[in-house]
Amino acid sequence: RTYDTTLRPMPVAEPRPSTPVSALPGVGPRTAEALGHLGIRTAGDLVRHLPMRYEHDRGERTVAAVLAMCERGESPQVALRVEAASVRHAPRPRPRTEATFEDGTGTVRAVWFNAPWMRGKLHPGAAGILQGQAKLRGRYLEMGNPRWEPVAAGAPAPAREERLRPVYPASEEVASGAIERAVAAVLPALVPQIEDPLPAEYRASRALPPLGECYRRMHAPADMDEQREARRRRALEEFLLLQLGVMMKKRQMRDEARAPSIAVGDAVDERIRARFPWPFTGDQLRAAAEIAADVGSTHPMNRLLQGDGGSGKTAVALYAMLAAVANGLQAALVAPTELLAEQHHASITRFLAGSDVRVELVTGSLGAAERRETLARRAAGEAHLAGGTHALLMEGARFARLGLAVIDEQHRFGVEQ
Numbered sequence: 028r029t030y031d032t033t034l035r036p037m038p039v040a041e042p043r044p045s046t047p048v049s050a051l052p053g054v055g056p057r058t059a060e061a062l063g064h065l066g067i068r069t070a071g072d073l074v075r076h077l078p079m080r081y082e083h084d085r086g087e088r089t090v091a092a093v094l095a096m097c098e099r100g101e102s103p104q105v106a107l108r109v110e111a112a113s114v115r116h117a118p119r120p121r122p123r124t125e126a127t128f129e130d131g132t133g134t135v136r137a138v139w140f141n142a143p144w145m146r147g148k149l150h151p152g153a154a155g156i157l158q159g160q161a162k163l164r165g166r167y168l169e170m171g172n173p174r175w176e177p178v179a180a181g182a183p184a185p186a187r188e189e190r191l192r193p194v195y196p197a198s199e200e201v202a203s204g205a206i207e208r209a210v211a212a213v214l215p216a217l218v219p220q221i222e223d224p225l226p227a228e229y230r231a232s233r234a235l236p237p238l239g240e241c242y243r244r245m246h247a248p249a250d251m252d253e254q255r256e257a258r259r260r261r262a263l264e265e266f267l268l269l270q271l272g273v274m275m276k277k278r279q280m281r282d283e284a285r286a287p288s289i290a291v292g293d294a295v296d297e298r299i300r301a302r303f304p305w306p307f308t309g310d311q312l313r314a315a316a317e318i319a320a321d322v323g324s325t326h327p328m329n330r331l332l333q334g335d336g337g338s339g340k341t342a343v344a345l346y347a348m349l350a351a352v353a354n355g356l357q358a359a360l361v362a363p364t365e366l367l368a369e370q371h372h373a374s375i376t377r378f379l380a381g382s383d384v385r386v387e388l389v390t391g392s393l394g395a396a397e398r399r400e401t402l403a404r405r406a407a408g409e410a411h412l413a414g415g416t417h418a419l420l421m422e423g424a425r426f427a428r429l430g431l432a433v434i435d436e437q438h439r440f441g442v443e444q
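If you want my numbering, it's the 1-based position in the sequence shown plus 27.
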């Protein structure tokens with residue numbers, strides 16, 4: 028009996044978004060590991076790894092054609108398929124590599140400054156493509172710091188077409204070019220598999236490309252107009268999903284979250300406003316009434332109180348906090364700095380002079396013993412109002428019956444705070 032022992036390559040299944048990068052053609056174990064360090068572990072991750080910019084790859088020309096362009100006064104960006112005739116590395120006085128190249132129609136000189144890596148890349152007889160700006164230096168064609176792309180000896184490479192070349196976020200372990208080749212290998216198969224969350228009618232009404240086509244344009248745009256249109260679609264989708272997430276969160280809060288009801292009747296309203304040495308303005312009365320209506324519900328209030336400096340925002344905030352205290356609850360006022368927290372504490376204490384409302388100041392500069400005491404008073408419900416910095420939000424900062432939180436200058440806090 029005879030056996031056919033010829034080694035045949037296993038058929039590669041069409042990649043799917045979940046296909047590991049290690050199973051993609053041309054991606055070896057070392058490249059797969061390097062891609063993993065960039066967060067790219069699947070073919071889908073690879074397609075979502077978008078270029079950070081683009082470079083213009085020019086179509087190939089001959090040295091003679093470029094020389095004629097320069098003699099007409101042009102300084103074109105070009106690509107030349109050439110072979111190195113001579114190479115010279117000069118370490119001093121300014122490190123540089125000089126080389127002369129030929130393509131059968133003429134000669135071009137190239138010089139690289141402060142590029143020691145060229146020493147190992149370039150030698151007489153090396154074939155490749157020079158790309159950069161060409162200009163006349165005397166009677167000779169010259170290119171300064173061009174991009175050099177080696178071509179394997181004897182390998183019949185197709186003529187380079189003019190295109191936008193994507194430049195990807197990369198690392199020392201894996202270059203942008205390697206990522207580009209990996210993306211190009213999977214993009215045609217993955218584009219039709221990308222599900223679009225936006226309905227076709229919605230896209231048509233706003234002239235938006237399908238999501239798969241959007242990714243194709245981001246990775247391989249025919250021109251910058253295509254890339255900009257795809258980027259616009261991606262930006263709109265990100266904002267739309269963000270807005271949907273916010274609305275879902277608000278819906279969840281409205282339907283599921285619960286808050287203690289803070290009743291503000293006429294007697295409570297009059298007693299609180301009597302604490303202030305001036306009558307509320309019309310805008311303050313309207314804001315206080317809207318807040319009173321909100322906190323009277325069992326749904327959590329999420330309200331922005333906005334006004335110019337000196338318009339009385341703190342008075343309205345204190346009105347709401349005292350309403351909570353009148354209902355047997357505690358309130359907290361969080362400020363971004365110790366100075367602002369101390370100013371709030373001083374003004375609130377002044378308004379409440381002679382009352383039974385106990386106000387605590389909590390900042391990071393409190394001593395350990397004092398911090399324990401204030402914490403114990405809040406946890407026991409003895410402190411009615413607590414004003415302070417983010418120290419109020421620290422782990423272990425407990426309240427007995429917290430009913431209302433006021434955040435001053437919310438934009439100056441971190442997301443977690």
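Glycine is no exception: its CB is placed at the ideal position from the N, C-alpha and C atoms. A quick note: this is a predicted structure, and the numbers were derived from the prediction, not measured.
- Per DSSP, I156 is not a residue of any alpha helix (DSSP H); the beta strand (DSSP E) it occupies stretches across 154-164.
- If you compare the alpha carbons of S49, I375, V343, H417 with that of T364, the shortest gap goes to H417.
- For a cut-off of 8 Å, the C-beta gap from P122 to P103 is around 28 Å, too long to register as a contact.
- Here M421 carries a coil assignment [DSSP, helix/strand/coil].
- Within the same chain, Cβ atoms closer than 8 Å to the Cβ of D321 are found at M328, R330, the five residues on either side in sequence being excluded.
- Shown here, S198 sits in coil according to DSSP, grouped into three states, outside any helix or strand.
- Proximity to A137 across G337, H116, G147, S198 peaks at H116, based on C-alpha coordinates.
- For the set G336, A290, A301, the Cα lying nearest the Cα of E317 is the one of A290.
- The alpha-carbon of M274 is positioned some 56 Å away from that of L107.
- Taking R313 as reference, the option from A301, F303, P215, L332 with the minimal CA-CA separation is L332.
- The alpha carbon of R259 has as its nearest neighbour, out of P237, R278, Q270, the alpha carbon of P237.
- For the pair of segments examined, the region 192-206 was found not to touch the region 219-227: the number of CB pairs separated by less than 8 Å stays below three.
- The alpha carbon of G355 has as its nearest neighbour, out of S338, P287, F303, E397, the alpha carbon of P287.
- Within the same chain, and ignoring the five residues on either side of R80 in sequence, the residues whose Cβ sits closer than 6 Å to its Cβ are V194.
- A residue is called buried when at least 16 other Cβ atoms come within 10 angstroms of its Cβ; P248 meets this threshold and is buried.
- Below 8 Å, too few C-beta pairs join the region 395-410 and the region 293-303 to call them touching: fewer than three.
- Contact between L157 and P173 is confirmed by a C-beta separation of about 5 Å, below the 8 Å threshold.
- Taking the C-beta atoms as reference points, A70 is found nearer than 7 Å to P44.
- When C-beta atoms of the region 263-270 are compared with those of the region 84-94, fewer than three pairs fall below 8 Å, so the two segments do not count as touching.
- Put simply, the backbone Cα of V442 is about 59 Å away from that of P151.
- Annotation: the continuous alpha helix (DSSP H) that includes F378 extends over 365-378.
- From the listed residues L268, F303, S324, D310, the smallest Cα separation to M280 is found for S324.
- At a Cβ-Cβ threshold of 7 Å, E129 and A154 do not count as neighbours.
- Secondary-structure assignment with DSSP links H83 through a beta bridge to L191.
- Per DSSP, the unbroken alpha helix (DSSP H) holding I206 starts and ends at 203-217.
- DSSP links L360 through a beta bridge to G414, V433.
- Shown here, V54 sits in coil according to DSSP, grouped into three states, outside any helix or strand.
- Residue pairing by DSSP puts Q104 in a beta bridge opposite Q160.
- Cβ neighbours of R192 within its own chain (closer than 7 Å, five residues either side excluded): Y81, E82, D84.
- Note on the region 272-311: whole alpha helix (DSSP H) runs with a minimum of 4 residues are 293-300, in chain order.
- The beta carbon of E101 is closer than 7 Å to none in its chain, skipping five residues each way along the sequence.
- Membership of M96 in the alpha helix (DSSP H) is indicated by the continuous run 90-98.
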